[in-house]
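J.: Please see the structure below; I have some questions.
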Ligand SMILES: [Zn+2]
């Protein structure tokens, strides 16, 4: 593990965002590890430290604006933009699906835009956000995230950076060693019965 990955892991740990136990993911599979992104996002010190890693990584790309998808990406986009000294825009769900710029947000044609998000699980939100920024006239110069749960398999055609990259083992419920030990399935604070993958 690199120094940066270790520092990111320490930030997650200090915020109480890296949970261990027995969890049911939205995929239906079970596992012993869980990242609760809102424990990071409610902690300005931890989220600020991670945002600094993203800002430092992409400063040489000279972003002129930072864009983040709702909900967590809004908080992160604000902080990364603050550290880079540029403005942020927030990308929300569109009325016809996908993602949209609402509330009068505009991206002048040719603006160099850095996209940020919290925890990547499938990359779908990032793809929709990139499409939205491109349609608005922005040039996506990179994507930075707090954590990549796809263990580096997120497909992007621009430079991609994750403060923390993880690959949690998961099991079908009938093969789950934690179920076999009759350990109750935990429900992290603020989640419904099934937690996000
Ligand atoms: Zn289980």
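Numbering (the working numbering), first residue to last: 473 to 669.
C-beta atoms are modelled at their ideal positions from N, C-alpha and C, and glycine is treated no differently.
Computed from a predicted model, the values in this text were never measured in an experiment.
(1) Indicate the three-state DSSP secondary structure (helix, strand or coil) for residue 603 in the structure shown.
(2) Below 8 Å, how does it come out for the stretch 590-602 and the stretch 534-552: are there three or more Cβ pairs, yes or no?
(3) Count Cβ pairs between the stretch 565-582 and the stretch 524-532 that sit closer than 8 Å; are there 3 or more?
(4) Collect the residues with a C-beta less than 5 Å away from any heavy atom of ligand 1 and give them in sequence order along the chain.
(5) How many Å lie between residue 646 and residue 532 at the Cα?
(6) Taking the alpha-carbon of residue 520 as reference, which of 503, 501, 554 has the nearest alpha-carbon?
(7) Does any C-beta atom of chain D lie closer than 8 Å to the C-beta of residue 545?
(8) Kindly indicate which three-state DSSP category residue 648 falls into: helix, strand or coil?
(9) Exposed or buried, what is residue 516 when buried is set at 16 or more other beta-carbons lying within 10 Å of its beta-carbon?
(10) By the DSSP assignment, the alpha helix (DSSP H) with residue 572 in it spans what residues?
(11) Taking its Cβ as the centre, do 16 or more other Cβ atoms sit within 10 Å of residue 492, making it buried, or is it exposed?
(12) Considering only residues of the stretch 591-637, which uninterrupted alpha helix (DSSP H) runs meet the minimum length of 4 residues and lie entirely inside it, listed in chain order?
(13) Give every residue of the same chain whose Cβ lies closer than 8 Å to the Cβ of residue 623, excluding the five residues on either side of it in the sequence, and list them in chain order.
(14) Only counting the same chain, and skipping five residues up and downstream in sequence, which positions put a Cβ closer than 6 Å to that of residue 601?
(15) Tell me the DSSP secondary structure of residue 565 in three-state form.
(16) Would you kindly check if the distance between the Cβ of residue 509 and the Cβ of residue 598 is under 8 Å?
(17) Spatial neighbours of residue 585 within its chain, please: CB distance less than 6 Å, with the 5 preceding and 5 following residues excluded, ordered by chain position.
(18) At the level of alpha carbons, what is the spacing between residue 484 and residue 582?
T.: In this structure, then:
(1) helix
(2) yes
(3) no
(4) 502, 648, 650, 651
(5) 49 Å
(6) 554
(7) Within the model displayed, chain D is absent; a lone protein chain is all it includes.
(8) coil
(9) exposed
(10) Per DSSP, residue 572 belongs to no alpha helix (DSSP H); it is in the beta strand (DSSP E), 571-573.
(11) exposed
(12) 596-608
(13) 637, 638, 639
(14) 541, 563, 571, 587
(15) strand
(16) no
(17) 537, 539, 605, 610, 612
(18) 35 Å
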